[in-house]
Structure formats: C-alpha cells, structure tokens
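Sequential numbering from 80 applies to the sequence shown in this note's numbering. Note sheet for the following structure.
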Amino acid sequence: MANVIDEDLYQRTKALLEPGEIELNGAIVHTEYDGQEDVKMMQATIDIGDIVAEHAGFDPKDCYVHSGNDDPQFSSNQHQGLTLEDEEFVWECQQLLREGAFHIVIYYEASADHEAILEDVRDLGFEVTGVEGN
Numbered sequence: 080m081a082n083v084i085d086e087d088l089y090q091r092t093k094a095l096l097e098p099g100e101i102e103l104n105g106a107i108v109h110t111e112y113d114g115q116e117d118v119k120m121m122q123a124t125i126d127i128g129d130i131v132a133e134h135a136g137f138d139p140k141d142c143y144v145h146s147g148n149d150d151p152q153f154s155s156n157q158h159q160g161l162t163l164e165d166e167e168f169v170w171e172c173q174q175l176l177r178e179g180a181f182h183i184v185i186y187y188e189a190s191a192d193h194e195a196i197l198e199d200v201r202d203l204g205f206e207v208t209g210v211e212g213n
C-alpha cells in the first residue's frame with residue numbers, strides 16, 4: 080500500500096473490489112481538475128479507459144463509454160467502458176469531487192495488466208494509486 084495519497088478513498092475503493100462475480104483491480108487517479116473542469120476530467124476518463132482497454136486485451140476503438148447521464152440506474156458521474164460487439168464489461172468508474180479536485184476511481188478485471196495500467200496513467204501526468212482486489 081505504498082504511496083497511498085488518500086487513505087479513506089483507498090479503503091472505499093478496496094471495498095468496491097471485494098468478491099463478486101469477477102475478480103477486480105482498480106486505480107485511484109488523482110487529478111487537479113476542479114469542479115469547473117468537467118470536460119477535461121471526462122477526457123481524462125476516456126483516456127484512462129482506453130489504457131485499461133488496451134491492457135485488458137481490447138482495442139479501444141472497439142469500446143464505448145456508457146454514461147450515468149444516459150441511464151437512470153447509474154449516477155451522473157458513473158461510467159462504464161463496454162465493447163461495441165456484445166457490451167462486454169471492460170471497466171467502470173466514478174468521478175468524485177473531493178477537497179476541490181476530481182478523482183477518478185476506475186476498476187477493471189484482475190486479468191488486465193495492472194502495473195502497466197498504472198504506469199501508462201502516470202505517463203499521462205496523473206498521480207495514481209493502484210488498488211488490488213483479493
């Protein structure tokens with residue numbers, strides 16, 4: 080648990096990964112985008128989703144983002160990356176505004192290359208905390 084920037088958010092994210100139908104890992108992406116920079120934050124979400132798709136064995140061009148804004152079953156800042164062909168789960172995220180800055184909590188199947196995802200997100204210029212499920 081080295082380099083945990085926000086312990087509370089880390090623990091909440093870890094709880095999301097607890098045993099379910101599929102094994103999950105996740106990442107907390109810390110941005111400096113404030114509440115007025117939602118377009119930049121959404122672009123970051125798409126870019127991070129593309130990274131996850133690549134390292135999960137999908138072509139990002141074969142995936143789309145299903146947004147909470149489009150579905151009453153989700154909140155407005157909750158999004159899913161799904162495949163175009165059969166709407167297979169690729170990733171899911173929440174965009175959280177905490178202490179004046181957006182944080183993107185994204186999770187994905189544990190079979191994806193977790194360390195490569197974290198490295199590529201850092202290459203985008205963001206601080207990121209990896210969270211591994213059980």
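From the three backbone atoms N, C-alpha and C, an ideal C-beta is built for every residue, glycine too. All values reported here derive from a predicted model rather than from experimental measurement.
Open item on the list: Buried or exposed for L197, going by 16 or more other Cβ atoms inside 10 Å?
Closed with: Residue numbering aside, residue 197 sits at position 118 when the sequence shown is read from its first letter. Result: buried.
Open item on the list: Going by beta-carbon coordinates alone, are A180 and D113 separated by less than 8 Å?
Closed with: Mapped onto the sequence shown, residue 180 falls at position 101. Mapped onto the sequence shown, residue 113 falls at position 34. In this structure, D113 lies closer than 8 Å to A180 by Cβ.
Open item on the list: Let me confirm a value: L163 is counted as buried when at least 16 other C-beta atoms fall within 10 Å, else exposed. Which label applies?
Closed with: Working through the sequence shown from its first residue, we reach residue 163 at position 84. The residue in question, L163, is exposed, as its Cβ has fewer than 16 Cβ neighbours within 10 Å.
- [ ] Label V210 either buried or exposed according to how many other C-beta atoms from any shown protein chain fall within 10 Å of its C-beta, with 16 as the threshold for buried.
- [x] On the sequence shown, position 131 is the one that residue 210 refers to. Burial call: buried.
- [ ] Taking H145 as the reference, give the member of Q159, L96, F205 with the closest Cα.
- [x] As a position in the sequence shown, residue 145 is number 66, starting the count at 1. Per the Cα distances, Q159.
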